[in-house]
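Undergrad: Mind having a look at this structure? Questions to follow.
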Amino acid sequence: HVALVGLNSEAIPLLVFGSGLAGIPFAPINYRLDDEHLRGVLGRLAPAMVVVDADMVERVQGVDGIEVVTRDDLLDSVSSGSGGDGGLVAAVPDPDEVAVLLFTSGTTGEPKAAVLRHRHLTSYIFTTVDFLGAGEDEAQLVSVPPYHIAGVSAVLSSVFAGRRICYLPAFDPASWVATAAAEQITQAMVVPTMLNRILNEMERSGTELPALRHISYGGGRMPRATIERAMTMLPEVRWVN
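Residue numbers in the sequence shown follow our numbering, run continuously in steps of one, and reach 238 at the last position.
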């Protein structure tokens, strides 16, 4: 396995596609798990390489069968070409092989792994996204955590559509609004609590987002008052539940 313990970064697309081309399951792990559950999940994935943020290295050390690589070292090896020739792929992975493992939070027991195979991911993308259908100006802001299904689907759908991806390490309403304005973000995915905080920040800062035109939301029930307020403040945006 290839695992990730860390915040959003440009390492995520590298790991999603790199592990897929290598035929190795990718498992982004919830870094908010307590140390016992985090190490328990990693032990279940062994043997594995774990890419980890520098400030989280101590949390994952000493697990049998786990090779720890910092995110910075991974990015350095990719940019320098020291990780291999990076060009030749022997074969397309078997569609029935595991592509991604997403672990539940473990709030009612041990975390469980939801299994996503290559055929699941490709079926989702091929039936919902037009290949290279994005306009040159399109950009997606990703602020959901990498261990959330929306974090995985954002990579796949944006790359397949040819859409620029802009990452926030983690969600913060002020950073979200400022980044959306500065980067001319055209679309994003949020959960209801995020949307409410974004609207509050827009009112507080007086920031307008004229480039924004598509927001999908999920992960929880959307209060009617919140979506009505959002549609009033962002009348040009198309909303998808």
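Backbone N, C-alpha and C fix where the C-beta goes; we use that ideal spot for every residue, glycine too.
Measure from the alpha carbon of D244 to the alpha carbon of each residue in E55, R41, V47, then state which is nearest.
TA: Residue 244 is absent from the model: the chain starts at -2 and stops at 238.
Undergrad: Classify L129: buried if its beta carbon has 16 or more other beta carbons within 10 angstroms, exposed otherwise.
TA: Mapped onto the sequence shown, residue 129 falls at position 132. Counting Cβ neighbours within 10 Å, L129 comes out exposed, since fewer than 16 surround it.
Undergrad: Any idea if S154 is buried or exposed, counting beta-carbon neighbours within 10 angstroms, 16 or more meaning buried?
TA: For the purposes of this step, residue 154 is identified with residue 157 of the sequence shown, where counting begins at 1. The residue in question, S154, is buried, as its Cβ has 16 or more Cβ neighbours within 10 Å.
Undergrad: Does the distance from the C-beta atom of H115 to that of E94 stay below 7 Å?
TA: Counted from its first residue, the sequence shown places residue 115 at position 118. Counted from its first residue, the sequence shown places residue 94 at position 97. Yes, Cβ-Cβ distance for H115 and E94 is below 7 Å.
Undergrad: Do you know how far the Cα of L11 is from the Cα of R161?
TA: Position 164 of the sequence shown, counted from the start, is the residue given in the question as residue 161. Position 14 of the sequence shown, counted from the start, is the residue given in the question as residue 11. Taking the straight line joining both Cα atoms gives about 15 Å.
Undergrad: By Cβ distance below 8 Å, which residues in the same chain neighbour N197 in space, the five residues on each side in sequence not counted?
TA: Translated into the one-based positions of the sequence shown, residue 197 becomes position 200. If we look at N197 and ignore the five residues flanking it on each side, its Cβ neighbours are P170.
Undergrad: Do you know offhand how far L18's Cα is from V75's?
TA: Here residue 18 refers to the residue found at position 21 of the sequence shown. Here residue 75 refers to the residue found at position 78 of the sequence shown. The straight-line gap from Cα to Cα measures roughly 15 Å.
Undergrad: In its own chain, which residues sit with a C-beta less than 8 Å from the C-beta of I195, not counting the 5 before and 5 after it?
TA: The sequence position of residue 195 within the sequence shown is 198, counting from 1. Correct list, in chain order: P170, W173, V174, V187.
Undergrad: Apart from the five residues just before and just after R36, which ones in its own chain have a Cβ nearer than 6 Å to its Cβ?
TA: Counting from 1 along the sequence shown, the entry for residue 36 is found at position 39. V60, listed in sequence order.
Undergrad: Just checking my contact of V49 with V65 at CB under 8 Å: how many whole Å lie between their CB atoms?
TA: If you number the sequence shown from 1, residue 49 lands on position 52. If you number the sequence shown from 1, residue 65 lands on position 68. Correct: roughly 6 Å between the Cβ atoms.
Undergrad: Would DSSP call A19 helix, strand or coil?
TA: Counting from one through the sequence shown, the residue named residue 19 turns up at place 22. In the structure shown, A19 sits in a helix (DSSP, three-state: H, G or I).
Undergrad: Can you give me the C-alpha to C-alpha distance between G247 and P189, rounded to a whole angstrom?
TA: In the structure as shown, the chain starts at -2 and stops at 238, and residue 247 therefore has no counterpart that could be examined.
Undergrad: Would you call the CB atoms of T105 and E135 closer than 7 Å?
TA: By one-based count along the sequence shown, residue 105 stands at place 108. By one-based count along the sequence shown, residue 135 stands at place 138. No, Cβ-Cβ distance for T105 and E135 is not below 7 Å.
Undergrad: Please state the DSSP three-state secondary structure of A208.
TA: Translated into positions along the sequence shown, residue 208 becomes position 211. Looking at A208 - three-state DSSP - the assignment turns out to be coil, as it is neither helix nor strand.
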